[in-house]
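Final position of the sequence shown in my numbering is 617; the numbers increase by one with none missing.
For reference, the structure is listed below as structure tokens.
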Amino acid sequence: MGLLSQGSPLSWEETRRHAEHVRKHGILQFLHIYRALRDRHKDVLKWGDEVEYMLVKFDHENKKVRLLLCGEEVLQMLQDKGEKINPNHPTLWRPEYGSYMIEGTPGQPYGGTMSEFNTVQDNMRKRRQEAASVLKENEAVCTVTSFPRLGCPGFTVPEYKPTPVEGGASKSLFFPDEAINKHPRFSTLTRNIRHRRGEKVVINVPIFKDKNTPSPFIETFPNDDGEAAKAAKPDYIYMDAMGFGMGNCCLQVTFQACSISEARYLYDQLATICPIVMALSAASPFYRGYVSDIDCRWGVISASVDDRTREERGLEPLKNNHYRISKSRYDSIDSYLSECGEKYNDIDLTIDKDIYEHLIKEGIDHLLAQHIAHLFIRDPLTLFEEKIHLDDANESDHFENIQSTNWQTMRFKPPPPNSDIGWRVEFRPMEVQLTDFENSAYVVFVVLLTRVILSYKLDFLIPLSKVDENMKVAQKRDAVRQGMFYFRKDICKGGNVVVDGCGSAQNGTGTDTEEYILMSIDTIINGKEGVFPGLIPILNSYLENMEVDVDTRCTILNYLKLIKKRASGARFNSLSTNIQQASSCYPLRKQVSSKWWVSPRDPE
């Protein structure tokens with residue numbers, strides 16, 4: 014989860030005093046990297062996935078499942094048995110926000126050959142087996158996006174009660190600080206976001222209106238000091254801590270491009286795909302023991318780390334802050350980076366003008382300069398006393414301090430200093446699935462799509478304002494079947510003989526003169542005659558023109574079959590829909606949105 018420095022964390026007041034120093038030297042560090050590596054070319058394709066896991070304990074006698082607060086100990090055992098004794102160990106393990114979470118990646122990045130796709134699921138399976146091997150009886154490692162009872166009484170083992178006091182990290186009514194990873198970065202982030210904002214974070218998720226759900230649905234909060242009553246909204250599930258967002262799990266993929274220009278091109282093209290894949294992977298309908306009316310966690314995380322003050326949110330006149338900021342630090346991207354994307358940058362971009370002018374003066378082009386200057390409107394959220402004064406030519410901690418706490422759908426990643434790593438992009442919107450097969454399918458689908466984008470020079474660009482609209486649609490309940498998304502009609506810039514149907518869109522919601530129209534995910538993924546060729550048929554055309562051994566082709570086709578069926582809704586619903594349908598049959602739920610096995614109260 015971003016930069017994990019060691020040392021003595023500073024308070025928010027201390028961090029704020031050094032904010033300008035961090036920004037100034039972060040820009041200098043970026044410039045050193047850029048000057049050294051801007052002309053770097055011909056890096057080979059490398060890529061890797063990141064899977065986040067939850068640790069749980071089963072109480073079979075009482076038929077309860079709780080989150081297991083032993084992530085730090087499990088992580089230490091996994092590292093001791095793996096990378097610390099064998100640098101080439103096939104898995105790597107890292108901490109995550111929750112004390113019940115760990116993150117696993119391949120030990121080495123995958124390469125550019127098609128046969129690599131045959132090893133993805135095996136490596137994920139190995140990770141799961143390794144984690145399970147250090148757990149005790151009735152303990153398990155799970156890939157669950159949002160734990161249904163997160164924030165309910167007694168949701169952890171050991172059990173801790175929240176302590177909503179000012180001296181704590183989160184001051185939450187529901188989420189105990191003991192559920193936060195013990196690494197100082199995580200509690201410091203939690204505390205400093207709250208202190209910078211000037212109040213607790215506010216998360217309101219619409220409740221799913223079941224047959225017997227009260228209308229309006231209104232909660233009372235016994236230990237509230239008045240803040241929750243003021244922030245909570247009727248017919249919404251209220252949450253008040255970073256843990257409700259960053260305590261969820263996700264699935265991410267990072268790609269190394271052959272050059273900075275290719276990385277910028279991929280960044281732009283994949284940004285338009287983010288809402289589509291997010292809806293396809295939807296897996297999080299439950300929050301604080303209630304059934305919500307959304308399927309994805311994105312907006313929840315966005316609100317959980319929203320450090321903007323009332324002035325920055327436009328609720329008060331600017332006095333102490335410099336900018337009105339339209340989005341949380343965790344949200345969709347705000348500008349394209351490639352030249353072909355420039356004309357589609359149609360949303361207002363708040364930038365630090367002094368930083369922008371400095372970058373331009375140093376030879377950075379307009380698009381990249383405004384991207385960096387936009388990231389750097391944010392303050393650093395954590396700072397360690399030992400990491401204030403750095404060697405800007407050989408370290409990048411100040412740059413990464415700002416970069417790694419801008420959690421956007423895509424991340425453009427410059428190489429670390431003094432390494433053999435190239436220019437990279439990170440694809441970040443996916444929800445983690447229950448099985449290694451499903452997670453492998455989504456990873457392979459996205460990686461294959463990057464190969465096709467580069468090979469066929471595909472163009473998915475639409476105005477960024479439409480991408481933002483797609484992000485909102487993607488989070489709605491059953492968006493994978495019911496949602497309509499803006500998508501480009503002619504993705505081949507006039508047609509491609511290999512990709513049948515490119516440039517032939519004629520029958521959709523729109524006119525022939527429009528570059529983009531509203532499409533269903535089924536049309537985008539599987540195609541519709543006369544409207545759009547479909548991403549899966551394009552991937553299949555690509556595979557037909559590649560030398561792929563029978564075993565690998567069979568593996569890939571099985572993965573694409575899952576994506577195809579999920580998109581069509583004919584046989585396989587999204588994971589979120591499947592979970593909701595299963596819960597509706599549970600006898601304790603009683604159709605009131607809450608009283609079933611995820612209930613914050615014991616069933617009556």
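For every residue, glycine included, the Cβ atom is placed at its ideal position computed from N, Cα and C.
These numbers come from a predicted model, not from an experiment.
- Message: Quick test of your reading: P122 and K59, contact by CB under 8 Å. State the CB separation rounded to the nearest angstrom.
- Response: One-based indexing of the sequence shown puts residue 122 at position 109. One-based indexing of the sequence shown puts residue 59 at position 46. Right, the Cβ-Cβ distance comes to about 4 Å (below 8 Å), so this counts as a contact.
- Item | DSSP three-state assignment for Q5, whether helix, strand or coil | One cannot answer for residue 5 here, as it falls past the ends of the chain, which runs 14 to 617.
- Mind reading off the beta-carbon distance from M443 to S345? Whole number of angstroms is fine, and I expect it under 8 Å. In the sequence shown, the residue the question calls residue 443 occupies position 430. In the sequence shown, the residue the question calls residue 345 occupies position 332. Contact doesn't hold; Cβ gap of about 14 Å is too wide.
- Message: For the alpha helix (DSSP H) containing D135, name the first residue and the last one.
- Response: Within the sequence shown, numbered from 1, the residue matching residue 135 stands at position 122. Residues 133-146.
- Spell out whether any CB of chain B is found under 9 Å from the CB atom of K366. The displayed structure is made up of one protein chain only, and chain B is not part of it.
- Message: Which residue marks the beginning of the beta strand (DSSP E) containing D62, and which one marks its end?
- Response: Walking along the sequence shown from the start, residue 62 turns up at place 49. 59-72 is the extent of the beta strand (DSSP E) around D62.
- Identity of the residue in A144, P298, A182 nearest S159 by Cα: To locate residue 159, count along the sequence shown from 1; it is residue 146. The candidate whose alpha carbon is nearest that of S159 is P298.
- Message: I'd like the list of long-range same chain contacts for I338, defined as Cβ closer than 7 Å, with 5 residues on each side in sequence excluded.
- Response: By one-based count along the sequence shown, residue 338 stands at place 325. So the list reads R321, E325, T363, I390, once near-sequence residues are dropped.
- Message: Just verifying my parser: in three-state terms, what is the DSSP assignment at S629?
- Response: For residue 629 there is no data in the structure shown, the boundaries of the chain being 14 and 617.
- Item | Per-residue DSSP class, three states only, for I216 | Numbered from its first residue, the sequence shown carries residue 216 at position 203. Strand.
- Item | Nearest-angstrom Cα separation, counted from E129 out to R566 | Working through the sequence shown from its first residue, we reach residue 566 at position 553. Working through the sequence shown from its first residue, we reach residue 129 at position 116. Those two C-alpha atoms are separated by around 11 Å.
- Message: With three or more beta-carbon pairs closer than 8 Å as the criterion, would you say the region 450-469 touches the region 265-283?
- Response: yes
- Query: Measuring from the CB of I569, is there a heavy atom of the ligand HEM at a distance below 8 Å?
  - Reply: With respect to the ligand HEM, the structure shown offers nothing to examine, as it has no ligands at all.
- Query: Between Q269 and A241, what straight-line distance do the alpha-carbon atoms span, to the nearest angstrom?
  - Reply: The sequence position of residue 269 within the sequence shown is 256, counting from 1. The sequence position of residue 241 within the sequence shown is 228, counting from 1. Distance between the alpha carbons of Q269 and A241 is about 44 Å.
- When you compare each of D248, D253, Y249, P229 to G239 by their alpha carbons, which one comes out closest? In the sequence shown, the residue the question calls residue 239 occupies position 226. Selected option, being the one with the closest Cα: D253.
- Query: Between the C-alpha atoms of I289 and F230, what's the straight-line distance to the nearest angstrom?
  - Reply: In the sequence shown, counting from the first residue as 1, residue 289 sits at position 276. In the sequence shown, counting from the first residue as 1, residue 230 sits at position 217. Cα to Cα, I289 sits roughly 31 Å from F230.
- Query: Cβ of D449 within 9 Å of Cβ of R138?
  - Reply: For the purposes of this step, residue 449 is taken as the residue at position 436 of the sequence shown. For the purposes of this step, residue 138 is taken as the residue at position 125 of the sequence shown. Contact: yes.
- Extent of the continuous alpha helix (DSSP H) to which S274 belongs: Taking the first residue of the sequence shown as position 1, residue 274 is located at position 261. It spans 273-293 - the alpha helix (DSSP H) in which S274 sits, taken as one unbroken run.
- Message: Which residues does DSSP list as the beta-bridge partners of T118?
- Response: Counting from 1 along the sequence shown, the entry for residue 118 is found at position 105. DSSP lists L105 as partners of T118.
- Message: Just verifying my parser: in three-state terms, what is the DSSP assignment at S348?
- Response: For the purposes of this step, residue 348 is taken as residue 335 along the sequence shown, with counting starting at 1. Three-state result, S348: coil.
- Item | Residue range of the beta strand (DSSP E) that includes M259 | The residue labelled residue 259 in the question sits at position 246 within the sequence shown. Element bounds for M259: not the beta strand (DSSP E) but the alpha helix (DSSP H), 256-259.
- Enumerate in chain order the residues of its own chain whose CB-to-CB distance from A32 is below 8 Å, with the five nearest sequence positions on each side excluded. The count along the sequence shown starts at 1 and reaches residue 32 at position 19. If we look at A32 and ignore the five residues flanking it on each side, its Cβ neighbours are D392, P393.
- Is the distance from the Cβ of A182 to the Cβ of T169 below 9 Å? Mapped onto the sequence shown, residue 182 falls at position 169. Mapped onto the sequence shown, residue 169 falls at position 156. Not in contact: A182 and T169 (Cβ atoms no closer than 9 Å).
- Query: Straight-line CA distance for F425 to P227?
  - Reply: Working through the sequence shown from its first residue, we reach residue 425 at position 412. Working through the sequence shown from its first residue, we reach residue 227 at position 214. Each residue's alpha carbon lies about 45 Å from the other.
- Of the residues G125, A492, Y66, I46, which one's Cα is nearest the Cα of M559? If you number the sequence shown from 1, residue 559 lands on position 546. Shortest Cα-Cα distance from M559 to any of G125, A492, Y66, I46 involves G125.
- Following the continuous alpha helix (DSSP H) through Y251, name the residue where it begins and the one where it ends. Numbered from 1 along the sequence shown, position 238 holds the residue referred to as residue 251. Looking at the DSSP string, Y251 is not in any alpha helix (DSSP H); the run it does join, the beta strand (DSSP E), is 249-252.
- Query: When you compare only the Cα positions, how much space is there between G61 and T118?
  - Reply: Counting from one through the sequence shown, the residue named residue 61 turns up at place 48. Counting from one through the sequence shown, the residue named residue 118 turns up at place 105. Their backbone Cα atoms lie some 7 Å apart in a straight line.
- Item | Inter-residue CB distance, Y357 and P476 (contact presumed, cutoff 8 Å) | Numbered from its first residue, the sequence shown carries residue 357 at position 344. Numbered from its first residue, the sequence shown carries residue 476 at position 463. At roughly 5 Å, the Cβ-Cβ gap stays under 8 Å, so Y357 and P476 are in contact.
- Does the separation of the CB atoms of G111 and N194 fall below 9 Å? Numbered from 1 along the sequence shown, position 98 holds the residue referred to as residue 111. Numbered from 1 along the sequence shown, position 181 holds the residue referred to as residue 194. The answer is yes: Cβ separation under 9 Å.
- Segment contact, 8 Å Cβ cut-off, at least three pairs: the region 171-180 with the region 495-503: no
- Message: Suppose the cutoff is 6 Å on Cβ atoms and the five residues either side in sequence are ignored; what does the same chain contact list for K332 look like?
- Response: As a first step, residue 332 must be located in the sequence shown, where it is residue number 319. Once the five neighbours on either side are set aside, K332 has no close Cβ partner at all.
- Can you name, in chain order, every residue of its own chain whose Cβ lies under 8 Å from the Cβ of C271, other than the five neighbours on each side? Counted from its first residue, the sequence shown places residue 271 at position 258. H54, K55, D56, V57, L58, G435, listed in sequence order.
- Task: Put W420 into one of helix, strand or coil per three-state DSSP.
- Result: Locating residue 420 in the sequence shown gives position 407, where the first residue counts as 1. It is a strand residue.
- Do you know offhand how far I40's Cα is from F412's? Here residue 40 refers to the residue found at position 27 when the sequence shown is read from its first residue. Here residue 412 refers to the residue found at position 399 when the sequence shown is read from its first residue. Answer to the nearest angstrom: the Cα atoms are 6 Å apart.
- Kindly indicate which three-state DSSP category T203 falls into: helix, strand or coil? Indexing the sequence shown from 1 puts residue 203 at position 190. T203 falls in the helix class under three-state DSSP.
- Task: Measuring alpha carbon to alpha carbon, tell me which of C83, S24, E398 ends up nearest R209.
- Result: Start at 1 with the first residue of the sequence shown, and residue 209 comes out as number 196. Of C83, S24, E398, the smallest CA-CA separation from R209 is found for S24.
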